[in-house]
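In the numbering used here, the protein residues as written are 5 to 297.
Single-structure report; data block below.
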């Protein structure tokens with residue numbers, strides 16, 4: 005297996021059990037028919053991925069919360085044991101039970117967990133992380149860096165093991181939101197924070213998106229990434245590989261981690277290594293960050 009692909013999969017699931025006021029999918033509910041459709045889509049994608057001969061890494065990026073659904077738990081477990089799946093990760097609020105994760109392949113399974121301060125207490129979220137630690141599950145943790153939550157950021161950092169990367173997503177709605185002292189404070193927790201505060205110029209830039217990295221929806225339709233909506237093919241068509249080739253970015257800027265991490269000029273693969281999909285820097289240990297502070 006010489007080819008390596010990273011696939012960002014987003015099916016038709018749009019329901020979430022959380023009610024964050026900034027999220028359009030908060031507290032939405034899918035019908036039984038919609039959930040059945042999402043399951044059928046996911047099952048089809050899972051079998052397609054397992055039967056491929058390429059090395060494939062998968063990041064599930066559902067609009068809603070996937071891991072409260074048994075079909076996502078089952079799909080991730082099955083994918084984690086497939087011989088050609090190098091990584092299977094998912095963005096999650098970590099509200100699901102964790103016992104089922106005992107059955108996954110710990111070498112390939114990972115979580116991108118987001119803490120939502122308005123939906124769960126810091127202590128209960130940290131308890132979930134302790135459960136993951138006990139099972140040796142690989143995961144990162146993060147949240148949106150609103151200035152009023154920075155005390156909470158530091159408390160959360162103190163509750164997590166040094167081996168866990170706590171990332172902070174910037175509030176980019178106001179370009180002058182952060183003062184220099186805010187940057188310095190956040191960087192004592194997340195030394196890579198400034199990269200996320202920028203809308204990186206991307207038009208004409210080289211990017212792996214559309215070549216070795218691509219997005220797939222529930223029907224199998226392919227786009228270069230989540231942020232360029234032009235359809236380039238369908239994974240269930242015999243000739244879909246013809247759609248995968250190097251091409252420059254067509255968007256003016258890229259401001260989301262799951263997009264800019266694949267841009268050549270930012271050299272994020274040098275930083276994250278095998279932890280690109282789950283957002284964990286290579287050889288991460290917070291003890292080293294504290295020592296440099």
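Note that CB positions come from ideal geometry on N, CA and C, so glycine has one too.
Quick caveat: nothing in here was measured; it's all calculated off a predicted structure.
Exposure label - residue i; buried when at least 16 CB within 10 Å
i: residue 84; result: buried
i: residue 12; result: buried
i: residue 252; result: exposed
i: residue 218; result: buried
i: residue 299; result: Missing from the structure shown is residue 299; the chain here goes from 5 to 297 and no further.
i: residue 103; result: exposed
i: residue 276; result: buried
i: residue 221; result: buried
i: residue 35; result: exposed
i: residue 42; result: buried
i: residue 131; result: exposed
i: residue 40; result: exposed
i: residue 86; result: buried
i: residue 69; result: buried
i: residue 187; result: exposed
i: residue 198; result: exposed
Short Cβ contact (8 Å threshold) for residue i with residue j
i: residue 94; j: residue 80; result: yes
i: residue 254; j: residue 207; result: yes
i: residue 52; j: residue 17; result: no
i: residue 122; j: residue 158; result: no
i: residue 118; j: residue 97; result: yes
i: residue 50; j: residue 82; result: yes
i: residue 99; j: residue 141; result: no
i: residue 171; j: residue 283; result: yes
i: residue 133; j: residue 168; result: yes
i: residue 60; j: residue 19; result: no
i: residue 268; j: residue 211; result: yes
i: residue 238; j: residue 256; result: no
i: residue 2; j: residue 163; result: Since the first and last residues shown for the chain are 5 and 297, residue 2 lies out of range.
i: residue 200; j: residue 174; result: yes
i: residue 203; j: residue 263; result: no
i: residue 213; j: residue 228; result: yes
i: residue 76; j: residue 46; result: yes
i: residue 290; j: residue 166; result: yes
i: residue 156; j: residue 126; result: yes
i: residue 120; j: residue 181; result: no
i: residue 65; j: residue 230; result: yes
i: residue 195; j: residue 293; result: yes
Start-to-end residues for the beta strand (DSSP E) that takes in residue i
i: residue 80; result: Looking at the DSSP string, residue 80 is not in any beta strand (DSSP E); the run it does join, the alpha helix (DSSP H), is 74-85.
i: residue 234; result: 232-238
i: residue 133; result: Looking at the DSSP string, residue 133 is not in any beta strand (DSSP E); the run it does join, the alpha helix (DSSP H), is 126-138.
i: residue 13; result: 8-14
i: residue 64; result: 59-64
i: residue 43; result: Here residue 43 belongs to no beta strand (DSSP E); instead the alpha helix (DSSP H) covers 36-55.
Strand pairing of residue i, partner residues [DSSP]
i: residue 105; result: Bridge partners of residue 105: none, in fact.
i: residue 225; result: 238
i: residue 96; result: 117
i: residue 142; result: 114
i: residue 257; result: 205
i: residue 252; result: 210
i: residue 91; result: 61
The alpha helix (DSSP H) enclosing residue i, as first and last residue numbers
i: residue 275; result: 272-276
i: residue 264; result: 261-264
**Request:** Entirely within the segment 145-221 and at least 4 residues each: give me those alpha helix (DSSP H) ranges in chain order.
**Result:** 154-163, 184-191 and 197-200
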